[in-house]
Amino acid sequence: MKPMNVGLLGIGTVGGGTYTVLKRNAEEISRRAGRPINITMVADRNLDLAKQVTGGACRITDDAFAVVNDPEVDIVVELIGGYGVAKELVLKALQNGKHVVTANKALLAVHGTEIFTVAQQKGVMVAFEAAVAGGIPIIKAVREGLAANRIEWIAGIINGTTNFILSEMRDKGLSFDTVLKEAQRLGYAEADPTFDIEGVDAAHKITILSALAFGIPVQFDKAHVEGISRLDATDIKYAEQLGYRIKLLGITKRTAEGVELRVHPTLIPAKRLIANVEGAMNAVLVQADAVGATLYYGKGAGAEPTASAVIADLVDVTRMHTADPQNRVPHLAFQPNRLADLKILPMDEVQTSYYLRMRVQDKPGVLADITRILADEQISIDAVIQKEPGEGEEQADLIMLTHQTREKRINSAIAKIENLNVTSGKVTRIRLEELGK
Ligand code: HSE
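Following the working numbering from start to finish, the sequence shown increments by one per residue and tops out at 1358.
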């Protein structure tokens, strides 16, 4: 059968991995796909690199538009990233009737609706397994494997950089800044780590998972995004003493009032499997009504793990290439004309539990003042510990865990607690999820 011709946009880490794995496993891949899948054209600004990786075995150009406009190319693999030229290239490829495989979570989380609409109009596929959690086949699992279920929530460690930093902070008792520098030196964190450490990358990914889980449009602009850069090693230590680990989680949950879509540092019970995902590894926990909880674990980045997802998409597209577009798996798991208009809840309305840490004077009545404020907001306390004041200090750390409450209630309580004469400084607030049923 005629081979599928692939045009690769970008032959950096993931592009190089894709080239290598596709070549190394060509025989097995073709047995699976039903025909050979060949990279016939590569675009990269670094022509020398492209020549070196491909050994000159395919056409090379520094003009990515030459690839998306090439009549011989059946599938375009976009590995450029970002919302800029990548968007133009993807749209152009679709308009030219080519299928697109992309690892670009930012592009899909922000412009997914437009991109999927063009793809539908043109009867072509956009595949994006590599966009979420790298090598873990989580898109496939949520979109196909769990198709019988009503998905209730998803919670994921979907950014390896921040998980590496949090693991190191906990392991070695080091500050965020120290570990970030170390992570940059080791190549775990980018020179400009903003998207990773501020939670934006995780928010792109949970936005995509949310759309797949609940059959809603991608709505990155409505996600609550909070990273780990202000996290104090003290809280990691106290959390551990209380039986919790702190992870940067992407969370999306269906509630009676709407869909929660949020990324923030989260205390989770240390006994949960997902709490023990360390270093740069990723894991996604999905709670669904029929199957219960399922957990997916693996490498969320890197050349060959991400190539594994890209090539799985190439195989899928190759198999479905000749199928009637109506009979393919819909981009967002649900038929495009059956997407739901569920509201994304503002963060103020989200309900979760909280870890609070505050500096208090060590004298009678202080705890009573604080618990009165919480009671007035109808916030129930789960646990309290007060640390001994340090040598010569009059103030002590007070740590509280609350039961579930609404975010706006805890914010109001915190403002009142900070106004008390017996507390000083800001109250540290970290959300807590039990991740049970
Ligand atoms: N920067 C991401 C991470 C990998 O740290 O997990 C690519 O999505």
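Each residue gets a CB set at the ideal place from its N, CA and C atoms; glycine is no exception.
query: Straight-line gap, R1278 to E1354 (C-alpha atoms, nearest Å); result: 17 angstroms
query: Where H1242 falls: helix, strand or coil (DSSP); result: coil
query: Complete runs of the beta strand (DSSP E) confined to the region 1067–1124 [at least 3 residues]; result: 1072–1078
query: E993 versus G1002: straight-line alpha-carbon distance, rounded; result: 24 angstroms
query: Where Y1004 sits in the DSSP three-state scheme; result: coil
query: Candidates G937, L968 and P924, of which the one nearest E948 by Cα; result: P924
query: Beta-bridge partners of Y1217, as assigned by DSSP; result: V1205
query: Spatial distance of D1262 from K1013 (CA atoms); result: 29 angstroms
query: Alpha-carbon spacing of F1049 relative to I1291, whole angstroms; result: 49 angstroms
query: Closer than 7 angstroms: G1081 CB and nearest the ligand HSE heavy atom; result: yes
query: Terminal residues of the alpha helix (DSSP H) in which G1313 lies; result: Note, G1313: premise wrong, no alpha helix (DSSP H); not H, not E.
query: Proximity below 8 angstroms, CB of I1072 to CB of F1135; result: yes
query: Cβ shell of G938 (< 7 angstroms), same chain only, five flanking positions each side left out; result: A1224, E1225, T1227 and A1228
query: Three-state secondary structure (DSSP) of M1321; result: strand
query: Rounded separation between L1028 and V1021 - CA only; result: 13 angstroms
query: Residues near A1124 in its chain [Cβ-Cβ closer than 6 angstroms; skip 5 each side]; result: A1144, V1146 and V1184
query: Classification of D1117 by the beta-carbon crowding that lies within 10 angstroms, buried from 16 upward; result: buried
query: Those residues which DSSP pairs with E999 across a bridge; result: L930 and T1023
query: Stretch-stretch touch, CB-based, cutoff 8 angstroms, three pairs: the region 1082–1096 with the region 1238–1258; result: no
query: Inter-residue Cα distance where the pair is G1357 and A1214; result: 9 angstroms
query: 8 angstroms Cβ cutoff met for A1222 and A1204; result: no
query: Element boundaries [beta strand (DSSP E), containing N1371]; result: Since the first residue of the chain shown is 922 and the last is 1358, residue 1371 is not available in this structure.
query: The region 1024–1043 touching the region 1267–1275, judged by at least three CB pairs closer than 8 angstroms; result: no
query: Local conformation of V1176 per DSSP, three classes; result: A small fix is needed here, since residue 1176 is Thr in this sequence, not Val. The answer is coil: DSSP assigns T1176 none of H, G, I, E or B.
query: Closer than 7 angstroms: G1148 CB and nearest the ligand HSE heavy atom; result: no
query: Distance between beta carbons of A1040 and V1047, contact taken as under 8 angstroms; result: 5 angstroms
query: Element boundaries [alpha helix (DSSP H), containing A1261]; result: No alpha helix (DSSP H) contains A1261, which DSSP labels as neither H nor E.
query: C-alpha distance - E1065 paired with T1323, whole-angstrom precision; result: 37 angstroms
query: Cβ-based neighbour list, Y1109, same chain, cut-off 7 angstroms, excluding 5 preceding and 5 following; result: T1082, F1085 and A1201
query: Reference P1310, options R1280, M1321, R1175 and V1271, closest by Cα; result: R1280
query: Backbone CA spacing between V1236 and D969 [nearest angstrom]; result: 29 angstroms
query: Whole-angstrom C-beta distance between R1350 and Q863, which should lie under 8 angstroms; result: Examination of residue 863 is not possible in this model, given that the chain is present from 922 through 1358 alone.
query: Simplified DSSP assignment, three categories, for N946; result: coil
query: Chain-order list of residues whose beta-carbon lies under 6 angstroms from that of P1186 (same chain, five-residue window excluded); result: I1149, L1152, I1167, L1169 and I1351
query: beta-carbon A1222 near the ligand HSE non-hydrogen atom, thresh 7 angstroms; result: yes
query: Exposure of D965, with buried meaning 16 or more beta-carbon neighbours within 10 Å; result: buried
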